[in-house]
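Undergrad: Chains as they are written, first to last, in our numbering: chain A, 24 to 245; chain B, 44 to 287. Cβ coordinates follow ideal geometry from the N, Cα and C atoms, glycine included.
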């Protein structure tokens, strides 16, 4: 338990102090959202209609960018080997690392979403819906990304490959995230239906992602 | 012969060499019968002759899913029993699965052009086949990127199993998304019940496609084993030339 807490504190500290910390992901998110009106035109009605989709795509891409920090850097400097030899269940270790990663990269995106919603002319209901779906959806993205990071951990240039491997797996999260947001704005569906499915998918990702990552790391390191 | 005996590459190659000609002949015969029946089959009352695309399209769709199933079984073999042949089977199946998925997509879009008036619609089945195709390409890319074959096999096995869990969810969510976004006017199957005169050739064609898959798969597995032997020999040679 102590070891897990130490690992958690270490990961949080590293994420905040090294490489721009959590803000770099948020900055990327902001830039993506800023670029959209240049491509679509500054029509506020149109932006409000596609706003949830843009926020979701931006968050998806931003959470992909930071995946190399999850395991590859630890593998490079050798600390991953130490972490793996610790007398703690590997699944728990992996889950703690993912939690620390989500707190420093996923949660800032969720917190930034309402402000970016203002840029896209989203009304308060829509903003709340998007933030709530992102709060449930970004952990799912982190755990799916974890699998991609684990199977490519030993590769020196895994960056683009991780995105290619992970993005198709995120289709359900994206579909139900955007569907729930849109249901809150225009209907006709009730918000609860797609949102509960999104919660279910997030829980599945949590279990599957943890187990698969632990298996991949075990096999990659022996 | 027990499955464990096949871990010996020479024994597997001997078995493959005896089986391959027979499988090849069976494939040719099945295709001969199937194509003949397909060409004689009556035209659909609505779709006309384009319904014949179905005889290529539907079997490749089935095989595109079967190949992932085979890869998942092989992945279990790799992770649980560390059977060396499972690695080879998984690696040989990935390009075949991708090829059948692509065939399904291409025939589907050629069928869609006269029927729906466009090469591509975001129909639920088309979309999930496209995602499946992307996943096959990802698996192939991972095989290519990790140099050591056993290590690559384990990484791919994990990814394949995660994909096997995610694929039904993707299928479900795309279906759900599609019914929400698309009006039913676009999606129209040529009658939900297929007439028996079309069903029989479809069945024969499905058998022919499956036989083709296994013929190609067995040949690809044999090639992969030889490729690995060449790799080992070259490494031994390099070691000898290095002079230790």
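In chain A, what lies closer than 7 Å to residue 188(B) by C-beta?
TA: Taking the first residue of the second chain as 1, we reach residue 188(B) at position 145. What residue 188(B) touches in chain A: 178 and 184.
Undergrad: Using a beta-carbon distance below 8 Å, is residue 243(A) in contact with chain B?
TA: Indexing the first chain from 1 puts residue 243(A) at position 220. Chain B, which has a Cβ nearer than 8 Å to the Cβ of residue 243(A), makes this yes.
Undergrad: Using beta-carbon positions only, say whether residue 117(B) and residue 133(B) come within less than 8 Å of one another.
TA: Your numbering for residue 117(B) matches position 74 in the second chain. Your numbering for residue 133(B) matches position 90 in the second chain. Yes, the pair counts as a contact, with Cβ atoms nearer than the cut-off.
Undergrad: Thinking just about the alpha-carbon of each residue, which of 269(B), 84(B) and 265(B) is nearest to the one in residue 60(B)?
TA: To locate residue 60(B), count along the second chain from 1; it is residue 17. Taking only the C-alpha atoms, the option nearest residue 60(B) is 265(B).
Undergrad: In this structure, does DSSP put residue 112(A) in helix, strand or coil?
TA: For the purposes of this step, residue 112(A) is identified with residue 89 of the first chain, where counting begins at 1. DSSP places residue 112(A) in coil when its eight states are reduced to three.
Undergrad: Within the 8 Å Cβ cut-off, does residue 216(B) reach chain A?
TA: As a position in the second chain, residue 216(B) is number 173, starting the count at 1. Closer than 8 Å: yes.
Undergrad: Within this structure, are the beta carbons of residue 53(A) and residue 139(A) separated by less than 8 Å?
TA: For the purposes of this step, residue 53(A) is taken as the residue at position 30 of the first chain. For the purposes of this step, residue 139(A) is taken as the residue at position 116 of the first chain. In contact: residue 53(A) and residue 139(A) (Cβ atoms closer than 8 Å).
Undergrad: Does DSSP classify residue 188(B) as helix, strand or coil?
TA: Here residue 188(B) is taken as the residue at index 145 of the second chain, counted from 1. If DSSP states are grouped into helix, strand and coil, residue 188(B) belongs with the helices.
Undergrad: For a contact meaning CB atoms closer than 7 Å, what does residue 209(B) contact in chain A?
TA: Reading the second chain from its first residue, position 166 is the one you call residue 209(B). Near residue 209(B) (Cβ distances below 7 Å), the residues of chain A are 192.
Undergrad: Output needed in chain order: residues of the region 49-68 of chain A with a Cβ under 8 Å from some Cβ in chain B.
TA: So nothing in the stretch comes that close.
Undergrad: Just the chain B side, please: which residues come within less than 9 Å of residue 199(A) by C-beta, in chain order?
TA: Within the first chain, residue 199(A) is the residue found at index 176, counting from 1. Going along chain B in sequence order, the residues near residue 199(A) (Cβ under 9 Å) are 216, 219 and 220.
Undergrad: Which chain B residues are close to residue 75(A), counting only those with a beta carbon under 8 Å from its beta carbon?
TA: Along the first chain, one-based indexing puts residue 75(A) at 52. Under the 8 Å cutoff, chain B gives no residues; its nearest Cβ is about 14 Å from residue 75(A).
Undergrad: Could you tell me if residue 205(A) is buried or exposed, where buried requires 16 or more neighbouring beta carbons within 10 angstroms of its beta carbon?
TA: On the first chain, residue 205(A) is found 182 positions in, with the first residue counted as 1. The residue is buried, with at least 16 neighbouring Cβ atoms inside 10 Å.
Undergrad: So is residue 114(A) in contact with chain B if we call contact Cβ pairs under 8 Å?
TA: Numbered from 1 along the first chain, position 91 holds the residue referred to as residue 114(A). No - not a single Cβ of chain B is within 8 Å of the one on residue 114(A).
Undergrad: For chain A, check one thing: does any of its Cβ atoms lie closer than 8 Å to the Cβ of residue 184(B)?
TA: To locate residue 184(B), count along the second chain from 1; it is residue 141. Yes - at least one Cβ of chain A is within 8 Å of the one on residue 184(B).
Undergrad: Are the region 69-82 of chain A and the region 176-191 of chain A touching by the rule of at least three beta carbon pairs closer than 8 Å?
TA: No, because fewer than three Cβ pairs between the region 69-82 of chain A and the region 176-191 of chain A fall closer than 8 Å, the two stretches do not touch.
Undergrad: So with Cβ pairs under 8 Å, would you call residue 205(B) a contact of chain A?
TA: Along the second chain, one-based indexing puts residue 205(B) at 162. Chain A contact via Cβ: present.
Undergrad: When Cβ atoms are compared, which residues of the region 94-109 of chain A fall closer than 7 Å to chain B?
TA: Going along the region 94-109 of chain A in chain order, one finds no residue with a Cβ nearer than 7 Å to chain B.
Undergrad: Three Cβ pairs or more, each shorter than 8 Å: is that satisfied between the region 159-170 of chain A and the region 67-76 of chain A?
TA: These segments do not touch.
Undergrad: Quick check on residue 179(B): does DSSP put it in helix, strand or coil?
TA: On the second chain, position 136 is the one that residue 179(B) refers to. Correct three-state label for residue 179(B): helix.
Undergrad: Taking buried to mean at least 16 other C-beta atoms within 10 Å of its own C-beta, is residue 65(B) buried or exposed?
TA: Translated into the one-based positions of the second chain, residue 65(B) becomes position 22. Exposed: under 16 other Cβ atoms inside 10 Å.
Undergrad: Tell me the DSSP secondary structure of residue 227(A) in three-state form.
TA: Counting from 1 along the first chain, the entry for residue 227(A) is found at position 204. Residue 227(A) falls in the helix class under three-state DSSP.
Undergrad: At least one CB of chain A closer than 8 Å to the CB of residue 174(B): is that the case?
TA: Within the second chain, numbered from 1, the residue matching residue 174(B) stands at position 131. Yes, residue 174(B) counts as interfacial toward chain A.
Undergrad: Between residue 166(A) and residue 233(A), how many whole angstroms is the CB-CB distance? I'm expecting something under 8 Å.
TA: As a working note, residue 166(A) is residue 143 in the first chain. As a working note, residue 233(A) is residue 210 in the first chain. With 8 Å as the limit, residue 166(A) and residue 233(A) qualify as a contact, their Cβ atoms being about 7 Å apart.
Undergrad: Quick one, which residues of the region 158-173 of chain A are near chain B if we go by CB-CB under 7 Å, in chain order?
TA: Hits within the stretch, in order: 170.
Undergrad: For residue 247(B), which residues from the same chain have a beta carbon less than 7 Å from its beta carbon, with the 5 sequence-adjacent residues on both sides left out?
TA: Reading the second chain from its first residue, position 204 is the one you call residue 247(B). Counting only Cβ-Cβ distances below 7 Å, and skipping sequence neighbours, we find 73, 76, 77 and 80.
Undergrad: When the Cα atoms are used, what is the spatial distance from residue 120(B) to residue 170(B)?
TA: Numbered from 1 along the second chain, position 77 holds the residue referred to as residue 120(B). Numbered from 1 along the second chain, position 127 holds the residue referred to as residue 170(B). Each residue's alpha carbon lies about 30 Å from the other.
Undergrad: For residue 241(A), does the three-state DSSP call read helix, strand or coil?
TA: Numbered from its first residue, the first chain carries residue 241(A) at position 218. Note: residue 241(A) maps to helix in three-state DSSP.
Undergrad: Is residue 125(B) near residue 243(A), with beta carbons less than 8 Å apart?
TA: The residue you call residue 125(B) lines up with position 82 of the second chain. The residue you call residue 243(A) lines up with position 220 of the first chain. Not a contact, by the Cβ cut-off of 8 Å.
Undergrad: Going along chain B in order, which residues have a C-beta closer than 8 Å to the C-beta of residue 238(A)?
TA: Position 215 of the first chain, counted from the start, is the residue given in the question as residue 238(A). Near residue 238(A) (Cβ distances below 8 Å), the residues of chain B are 122 and 201.
Undergrad: Are the CB atoms of residue 149(A) and residue 75(A) within a distance shorter than 8 Å?
TA: Numbered from 1 along the first chain, position 52 holds the residue referred to as residue 75(A). Numbered from 1 along the first chain, position 126 holds the residue referred to as residue 149(A). Yes, the Cβ-Cβ distance between residue 75(A) and residue 149(A) is below 8 Å.
Undergrad: So residue 169(A) is in the alpha helix (DSSP H); what residue range does that whole segment cover?
TA: One-based indexing of the first chain puts residue 169(A) at position 146. Run containing residue 169(A): 147-174, per the alpha helix (DSSP H) assignment.
Undergrad: Does any residue of chain D have a CB that is nearer than 8 Å to the CB of residue 279(B)?
TA: This model lacks chain D altogether, as its protein chains are A and B.
Undergrad: Is the Cβ-Cβ distance between residue 123(A) and residue 38(A) less than 8 Å?
TA: Walking along the first chain from the start, residue 123(A) turns up at place 100. Walking along the first chain from the start, residue 38(A) turns up at place 15. Yes, Cβ-Cβ distance for residue 123(A) and residue 38(A) is below 8 Å.
Undergrad: Could you work out which residue in 256(B), 115(B) and 130(B) is closest to residue 4(B) when comparing CA atoms only?
TA: Residue 4(B) is absent from the model: chain B starts at 44 and stops at 287.
Undergrad: Quick one: is residue 231(A) near chain B, going by C-beta distance under 8 Å?
TA: Taking the first residue of the first chain as 1, we reach residue 231(A) at position 208. Closer than 8 Å: yes.
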